[in-house]
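Structure record follows, encoded as structure tokens.
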Amino acid sequence: MLAKRIQPMASQAKRLYVELMFQVMGRALQAVSEVDSEVQAEARTLPEGFLFEMMVMPDGSKLIVEHIGDGRFHYHGDSAPRPVDVSIKFKHLTHAFLVLSFQEKTSVAFANDRMLVDGDVSYAVRMTRVLNRLEAFILPKIIAERAVKEYPANLHLPEKLISAAQIYLKVATHFVQTVRA
Amino acid sequence: MSNTYYEFFCPVKVIAGKAALEHIPYELSGLAAKRPMIVTDKGVRAAGLLDPVIAACEESGLEIISIYDDVPPDSSTTVVRDIAAVYRKEKCDSIIAIGGGSAIDTGKAVNILVSEGGDDVAKYTGAGVLKRPLKPFLVVPTTAGTGSEVTSIAVITDEKKGVKLPFTSSYLLPNAAVIDPRMTLTLPPHITAATAMDAMTHAIESFTCMAKNPLSDAYAAAAIKKVSRSLLQVMDNPKDSDGRLELAQASTMAGIAFSNSMVGLVHSLGHATGAICHLPHGLCMSLYLPYVLEYNLETIREPLSELLLHLEGPEVYAATPSSRRAEASISALRKLRDALYKRCKLPRTLKETGKVTEDQLDQIAEMALDDGSIMFNPKEVNLKDARAVLQRAWA
Chain A
317 MLAKRIQPMA SQAKRLYVEL MFQVMGRALQ AVSEVDSEVQ AEARTLPEGF
367 LFEMMVMPDG SKLIVEHIGD GRFHYHGDSA PRPVDVSIKF KHLTHAFLVL
417 SFQEKTSVAF ANDRMLVDGD VSYAVRMTRV LNRLEAFILP KIIAERAVKE
467 YPANLHLPEK LISAAQIYLK VATHFVQTVR A
Chain B
65 MSNTYYEFFC PVKVIAGKAA LEHIPYELSG LAAKRPMIVT DKGVRAAGLL
115 DPVIAACEES GLEIISIYDD VPPDSSTTVV RDIAAVYRKE KCDSIIAIGG
165 GSAIDTGKAV NILVSEGGDD VAKYTGAGVL KRPLKPFLVV PTTAGTGSEV
215 TSIAVITDEK KGVKLPFTSS YLLPNAAVID PRMTLTLPPH ITAATAMDAM
265 THAIESFTCM AKNPLSDAYA AAAIKKVSRS LLQVMDNPKD SDGRLELAQA
315 STMAGIAFSN SMVGLVHSLG HATGAICHLP HGLCMSLYLP YVLEYNLETI
365 REPLSELLLH LEGPEVYAAT PSSRRAEASI SALRKLRDAL YKRCKLPRTL
415 KETGKVTEDQ LDQIAEMALD DGSIMFNPKE VNLKDARAVL QRAWA
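Each protein sequence line maps, in turn, to chains A and B. Following our numbering, the residues of the first sequence are numbered contiguously, the last one being 497. Following our numbering, the residues of the second sequence are numbered contiguously, the last one being 459.
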């Protein structure tokens, strides 16, 4: 009986968590593309104006970023100015929650068929590498190791701390600007 | 509670063994098909492989309405459109694809157009676009390697845009795959070797990569055992129809395995090498397999150790200390490659192919990193890692 009452609340909490994480990740993707040369190198090969989406099927939370050129991303929130080029779609809210709460690595989620790729797979592979790099920067190592297939051996604490601080500052600034707007 | 999760799907009826072709008329009648069209290539026709299929149908009073035998090695949207036009003109109601990967993929793409309508198959590219079953479709493989008869994907080149279009849907799967040893009996030695190593790689990557699962493991292990036991036997005696059937079944089983658990870095490197240096897919698989297994070794030690039983048999498995079994599996594959090199000069290194230059390795590494199958490789791969594997495979 209690479980039945709690379930809608738990579902709502998951929904809010996933939405919040998408907002953080979208802003963080923009931020990391401004501070990390490896991410910029990955992004540079994407076409200018390339739109990338992550979303929960059928019509749940989403994040959309655009490659605006020179390896830089721009976060569009949850609405795309035109049809997206590549979309990574979680089949269910629970699957998105498993990944975004670091209970399941992104690579494992792909292997487990939790997600679909709609669009050019090679771009999705590239974007997954960018997401992994981002997670390695912004998460404590112990959590990042749960999120990525392999924590980058060449990412040392000073670089990680400096980059993470820059990314978090940019994310916070973007949040404030959004609220003010 | 266990965190494991997997999906497994294979609705294809497998019709395998002696006189399997003679089941085609019955299978088509069960699908209410009376006017089949054969899609194949010139090589298959020239080898006389259509004759037993046509005879089997005629003996049951089933007329083959049309035969399209001009499928190129790299099929295109134009070819698909042309075949669909013939299908409609001749009022066909079903397709029998006879051949290797290209003929089978073409058959799948033609089936999209004749079932969904229109002339532009590019409209249906991507995953999950098809929403309903297509026309009756049978596949008769003439090579033992690709496993295309049990995979839900087709790749067709868009000539105008110069890109390869992937089509993915469970509706692309044929109603039945007909595995008859007569169809692979005349395969030349180097193709027999390369395609069998393709099947071996499908099975090994399926067994060791990230999406492995108990059902695909069962198919993969059985396929590895069949290839290990029969390949050299067939190389020494190409007319050994029992051995041929074993290899053909292994190819189908490996196809079922990898289409449910995906493949890894061997395929990423192989796809890139195929695109840049135009080397046959099976050859690339054979070439990269041991080097990639060495790269992945510490992440796949357990499953790779297990495979020694299927690669070398119970005596060798029992005599090998458990800590050395993974390395022994890789040695067994190297030994098999050496034996194939001795019999048909199947290259073991990039240098031996004579078609790759060392300065192409960087380009291959870069392209391999963007290949979809790299996602399922158990160990993370960066540019430096991919380049190092290629260097080891060089000579």
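Just so you know, even glycine gets a beta-carbon here, dropped at the ideal spot from N, CA and C.
List, in order along the chain, the chain A residues whose C-beta lies closer than 8 Å to that of residue i?
i, result
"residue 402 of chain B", "Correct list: empty, because the minimum Cβ distance to chain A is about 33 Å."
"residue 443 of chain B", "465, 466"
Applying a beta-carbon distance threshold of less than 9 Å, which residues of chain A neighbour residue i?
i, result
"residue 70 of chain B", "427, 428, 429"
"residue 192 of chain B", "432, 434"
"residue 440 of chain B", "423, 426, 427"
So residue i is in the beta strand (DSSP E); what residue range does that whole segment cover?
i, result
"residue 325 of chain B", "That residue, residue 325 of chain B, is in no beta strand (DSSP E); its alpha helix (DSSP H) goes 305-325."
"residue 160 of chain B", "158-163"
"residue 231 of chain B", "227-232"
"residue 77 of chain B", "77-80"
"residue 354 of chain B", "It is not in any beta strand (DSSP E) - residue 354 of chain B instead sits in the alpha helix (DSSP H) that spans 345-376."
"residue 217 of chain B", "217-222"
"residue 204 of chain B", "201-205"
"residue 240 of chain B", "240-243"
"residue 101 of chain B", "100-103"
Please compile the residues from chain B whose C-beta is within a distance smaller than 7 Å of the C-beta of residue i.
i, result
"residue 442 of chain A", "434"
In angstroms, rounded to a whole number, what distance separates the CA positions of residue i and residue j?
i, j, result
"residue 65 of chain B", "residue 471 of chain A", "Confidence in residue 65 of chain B is poor, its pLDDT being 45 and thus under 50, which makes the residue's placement unreliable; the coordinate value appears in the next sentence. The straight-line gap from Cα to Cα measures roughly 34 Å."
"residue 102 of chain B", "residue 464 of chain A", "48 Å"
"residue 322 of chain B", "residue 233 of chain B", "15 Å"
"residue 408 of chain B", "residue 310 of chain B", "20 Å"
"residue 431 of chain A", "residue 433 of chain B", "20 Å"
"residue 381 of chain A", "residue 341 of chain A", "10 Å"
"residue 442 of chain A", "residue 359 of chain A", "8 Å"
"residue 284 of chain B", "residue 151 of chain B", "37 Å"
"residue 83 of chain B", "residue 96 of chain B", "22 Å"
"residue 263 of chain B", "residue 291 of chain B", "8 Å"
"residue 176 of chain B", "residue 184 of chain B", "10 Å"
"residue 356 of chain A", "residue 435 of chain A", "21 Å"
"residue 85 of chain B", "residue 164 of chain B", "16 Å"
"residue 387 of chain A", "residue 382 of chain B", "55 Å"
"residue 383 of chain A", "residue 438 of chain A", "15 Å"
"residue 394 of chain A", "residue 486 of chain A", "19 Å"
"residue 354 of chain B", "residue 255 of chain B", "20 Å"
"residue 258 of chain B", "residue 459 of chain A", "44 Å"
"residue 416 of chain B", "residue 459 of chain B", "8 Å"
"residue 315 of chain B", "residue 207 of chain B", "9 Å"
"residue 324 of chain A", "residue 330 of chain A", "10 Å"
"residue 170 of chain B", "residue 218 of chain B", "8 Å"
"residue 278 of chain B", "residue 367 of chain B", "12 Å"
"residue 350 of chain B", "residue 331 of chain B", "10 Å"
"residue 444 of chain A", "residue 442 of chain B", "15 Å"
"residue 109 of chain B", "residue 363 of chain B", "46 Å"
"residue 333 of chain A", "residue 497 of chain A", "23 Å"
"residue 369 of chain B", "residue 375 of chain B", "10 Å"
Note the first and the last residue of the continuous alpha helix (DSSP H) segment covering residue i.
i, result
"residue 292 of chain B", "278-300"
"residue 331 of chain B", "329-341"
"residue 253 of chain B", "253-272"
"residue 110 of chain B", "106-110"
"residue 89 of chain B", "88-94"
"residue 453 of chain B", "447-458"
Along chain B, in chain order, which residues have C-beta atoms closer than 8 Å to that of residue i?
i, result
"residue 438 of chain A", "434, 435, 436"
"residue 424 of chain A", "274"
For a contact defined as C-beta to C-beta under 7 Å, what are the partners of residue i on chain A?
i, result
"residue 338 of chain B", "Neighbours of residue 338 of chain B on chain A: none; closest Cβ ~15 Å, over 7 Å."
Along chain B, which residues have their Cβ under 9 Å away from the Cβ of residue i?
i, result
"residue 415 of chain A", "Within chain B, no residue comes near residue 415 of chain A; the closest Cβ sits about 13 Å away, beyond 9 Å."
Suppose only complete runs of 4+ residues qualify. What are the alpha helix (DSSP H) ranges in the region 395-478 of chain A, listed by chain order? Those alpha helix (DSSP H) runs which fall completely within the region 395-478 of chain A and span 4+ residues are 409-416, 422-427, 437-454, 457-463.
Q. Taking only runs of the beta strand (DSSP E) that begin and end inside the region 124-189 of chain B, which ones reach a length of at least 3 residues, in chain order?
A. Fully enclosed beta strand (DSSP E) runs of 3 or longer: 130-132, 158-163.
Just list the alpha helix (DSSP H) runs in the region 330-404 of chain A, keeping only unbroken ones of 4 residues or longer that don't cross its boundaries, in chain order.
If only uninterrupted alpha helix (DSSP H) runs of at least 4 residues are considered, those enclosed by the region 330-404 of chain A are 353-360.
*Let me know the alpha helix (DSSP H) ranges lying completely inside the region 399-437 of chain B, each 4 residues or longer, listed in chain order.*
Segments of the alpha helix (DSSP H) lying fully in the region 399-437 of chain B: 414-417, 425-433.
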